[in-house]
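Chains as they are written, first to last, in the numbering used here: chain F, 19 to 293; chain G, 2 to 477.
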Amino acid sequence: MEHASVIFLWIAYLLYAGAFAVFVVQFLTRSPTLTRVGLVVAAVGLVFQTVAIIFRGFSAGHVPFAGAYESLVMVAWSVALVWHVLESFTRIRAVGLYVLPVVLILLTVAWVEYKPPAQLVPALRSDIVILHVIVMLTAIGCLYVAGGAGIIYLIEEALLRRRRAGGVLGRLPSLGALEKLIYHATLLGLPFLTAGMLAGIIRAETFNVPSWWIDPMVLLALFAWALYAVLLWGRVRADWVGGRLAWLAVTGLVVLLVIRFAAVPYFSGFHTYGG
Amino acid sequence: MLVVVTGISHKTASLELRERLALDEAGALRMARELLDGGAACEALALSTCNRTELYLYGRDSPAARRAAVERLAQHAGAAAAELEPSLYSYSGDAAIAHLFRVTSSLDSMVVGEAQIVAQMKAAYQQACEGGCTSVVFNRLFRHALEVGKRVRTETAIGERPVSVSSAAVELALQVFGKLKDHTVLIVGAGDTSELTATHLKAHGIERILVTNRTFAAAEELARRVGGRAVPFEDLEGHLAAADIVISSTSAPHFVVTRELVERALKRRRHRPIFLIDIAVPRDLDPEIDRVRNAYLYDIDDLQRVVEQNRGEREKEAHHAERIVAEELRSVNDWLRSLEVVPTIATLRGAVEQIRRAELERLGGKLADLSDEQRARVDMLTASIVNKILHMPTVKMKEVAGSRDCALYVDAVRTLFDLGGNGSAQESHDDVPEGAAAEDAADVGASAVAHDLDTAAGGPPGATIHHLRGTGTDDA
């Protein structure tokens, strides 16, 4: 089972890489057909990754979210899934070029951290923990996509301001579309983030985790939550458009990355199971 | 038999001459007809667009065809042929076909990559076709040319980037807003370019067009033309607050819109992005506006730069397109060669001779009892039958060689005997209902000839025979 899972994940990895190559060619040639080809290839990759995760779950005997390998594979999967869902809703056709490298990097780090499946540590054997993790991963997928869109937005705006239209026209999604993507991704991600944090708090309270509220990671997560709440509030009030939303989304992304790659492994008192 | 083209284009002739030579639809057809009736050509087609007037001819004597065409053109222009001569270009054979392909691919156009020429060529061809001026060769050739045009368009990015100031402005607006539906454009001043840009924007789905001008009557006039609404010039700030795209082209010597005005307007529109295009010289919009958050300002120079870049890209794509043209030229050439009478007769004779030999060989065992002399007689007998049968077709084909119907005959012979080198055989099947096509194939012979060939042990190899067998078994 574990063998099959690894093989499927490799196939998914290759498909993602292939889709990325297609998007690169699309960027150079600006062919609209290639966008669709890239999307389909990536979607097949997503299916393979889904199967790989299910197999891993069977071989580990639990939902595979423990340890660096499993959690990174899950985050990559969630990013790819959210991207596809939003893509089918918003019909923005050119974000693959920017989403796929993120997925590929996450998967590459996951490979480096590969560990064979193991039993869950007792602290994680709880339904509310599984709920907490799954909901959080979905939120992270959404907010990574929002942050990525924010980065493209800022780059594109700078290029337009500098009159480098040649690098932009027909290659990058329009500013309007990116703004919409930031908004929709955050709108989707924030409720999940809220629910995930609530689940975490309930779990911490019921198990009497000592002073969980001053954990650096919890504080950063609260900060990120506030950022996204401000973003949505600003957008809905309609005073805030474009650049400001993009900056907020990018800041949020930075906070999330700090949480994942600095706070969790080095500073957090608990939450260390993610590796 | 050669394809000849002669004519003038924006590259060789002045606008004045092009105007004199321009043909309307009826004129084009009449000119083609006259050339056919004059016996200068077997097939003829006249193409006339605002940038070129060209005559395509298919005839035996290409210099004569060209002369007739030039005279006809001179007559139309009301000038002497010698006067026209310096502005004319002429190609024959391969060069003429290459020219046709390049024209249809818009490689020869004033704006490389423009899309109109395919439609114009199609219309010219359809007209000539309905008018009975084209036949086997031109039907095939022009259809092929239209295919080449389509191929170049889909396989290269030659027509992708806009190369006019107004369409570049529209593309930039699209890049900022994504969709233009539900957006408003404000036109300040009533210039030609702003009208053109407004028309482009409308084609991309923009719904509300506001027009304002110092003289209200001019604004009303332009608003009527582009289907917009004229608004008073005094409340410029209010209009700026309502507009997502602003196109300015007044003849004012000073800035019409200042940074402060845009800042106030943006506040009123709650900072939704605004895209301002300044196509006036001297400029209407204060360049400082570009520093305002969510305001994007492009002036005429910026747009020109975009256009230049895009032109450069089209040039690059043109190389790719030339390769496609060369490739297609080879394929159409093979077919044209096969339409020559002499090689067709030779192929026909070769094919039938091979059938004869195959049959003799198949009977080899049964003829074993015969004496050498008797065998020689059988051989002579069969050869003589073949010769008798082929005599009339050979004579008839030689008779029509060089006449108008020549290609028709050759094409028919190649199709009936399935001699290969004949692309139109497949093409014509498209026009025939499937059942009928299959029936034809069975009649031609699949059942008898091919079946026998299959049973013939180690029949002689030969492309034609194999071809026959291939068709036969497929349909049997």
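Where is the CB? At the ideal position from N, CA and C, for every residue including glycine.
| Check | Outcome |
| --- | --- |
| Local conformation of G446 (chain G) per DSSP, three classes | Summary for G446 (chain G): the model assigns pLDDT 36, below 50, so the residue's position carries little reliability, and this model does not support an answer. |
| Range of the contiguous beta strand (DSSP E) that encloses A47 (chain G) | 44-49 |
| Inter-stretch contact at 8 Å, needing at least 3 Cβ pairs: the stretch 216-228 of chain G / the stretch 272-290 of chain G | no |
| Ranges of the beta strand (DSSP E) found wholly within the stretch 52-110 of chain G, counting only runs of at least 3 | 53-60, 90-93 |
| Residue from G:L211, G:E55, G:Q176, G:D183 with nearest C-alpha to A191 (chain G) | G:L211 |
| Residues from the stretch 171-194 of chain G in contact with chain F, defined by Cβ distance under 8 Å | E172, L173, L175, Q176, V177, F178, G179, K180 |
| Cβ separation of A81 (chain G) and A41 (chain G), assumed to be a contact under 8 Å, to the nearest whole Å | About 19 Å; that fails the 8 Å criterion. |
| V276 (chain F) versus A242 (chain F) - alpha carbon distance | 11 Å |
| Short Cβ contact (9 Å threshold) for Y87 (chain F) with G63 (chain F) | no |
| Cβ neighbours of V24 (chain F) in the same chain (closer than 7 Å, five flanking residues each side left out) | none |
| Test item: CB-CB of A224 (chain G) and A129 (chain G) under 9 Å | no |
| I248 (chain G), DSSP secondary structure in three states | strand |
| Proximity below 9 Å, CB of T156 (chain F) to CB of V100 (chain F) | yes |
| C-beta neighbour in chain G for R179 (chain F), strict 9 Å | yes |
| Cutoff 7 Å; reference V151 (chain F); Cβ partners in own chain excluding five residues on either side | F83 |
| Short CB-CB distance (under 9 Å) between R260 (chain G) and chain F | no |
| Euclidean distance between Cα positions of V177 (chain G) and L196 (chain F) | 10 Å |
| Simplified DSSP assignment, three categories, for V433 (chain G) | For V433 (chain G), the predicted model reports a pLDDT of 36, less than 50, meaning its position is unreliable; a value from the coordinates is still stated below. Looking at V433 (chain G) - three-state DSSP - the assignment turns out to be coil, as it is neither helix nor strand. |
| T216 (chain G) (DSSP reduced to helix, strand or coil) | coil |
| DSSP state of L190 (chain F) mapped onto helix, strand, coil | coil |
| Proximal chain G residues relative to V47 (chain F), where beta-carbon distance stays under 8 Å | First, the amino acid is wrong: residue 47 (chain F) is Thr here, not Val. In chain order: A158. |
| Test: D291 (chain G) CB closer than 9 Å to a CB of chain F | yes |
| Neighbour-count burial assignment, P163 (chain G), 16 or more Cβ in a 10 Å radius | buried |
| C-beta atoms of A169 (chain G) and V263 (chain G) nearer than 9 Å | no |
| Endpoints, the beta strand (DSSP E) within which A281 (chain G) is located | No beta strand (DSSP E) contains A281 (chain G), which DSSP labels as neither H nor E. |
| Candidates G:I280, G:R315, G:L391, of which the one nearest L349 (chain G) by Cα | G:L391 |
| Whole-number beta carbon distance between V59 (chain F) and V43 (chain F), since they are thought to touch under 8 Å | About 12 Å; that fails the 8 Å criterion. |
| Cβ contact (3+ pairs, closer than 8 Å) linking the stretch 139-152 of chain G and the stretch 99-109 of chain G | yes |
| Chain G residues whose Cβ lies nearer than 7 Å to that of S192 (chain F) | L175, Q176, V177, F178, G179 |
| Interface partners of A195 (chain F) on chain G, CB under 7 Å | G179 |
| Residue nearest to R182 (chain F) in terms of C-alpha spacing, selected from G:L197, G:H100, G:N311, G:R294 | G:N311 |
| Proximity below 9 Å, CB of V186 (chain F) to CB of L177 (chain F) | yes |
| Partners in chain G for V186 (chain F), counting only beta-carbon separations shorter than 8 Å | Q176 |
| Unbroken beta strand (DSSP E) run spanning S10 (chain G), endpoints | 3-10 |
| Beta-carbon neighbours of G260 (chain F), restricted to chain G and to distances below 7 Å | P274, N295 |
| Nearest-angstrom beta carbon gap, Q67 (chain F) and L27 (chain F) [assumed within contact, 8 Å] | 6 Å |
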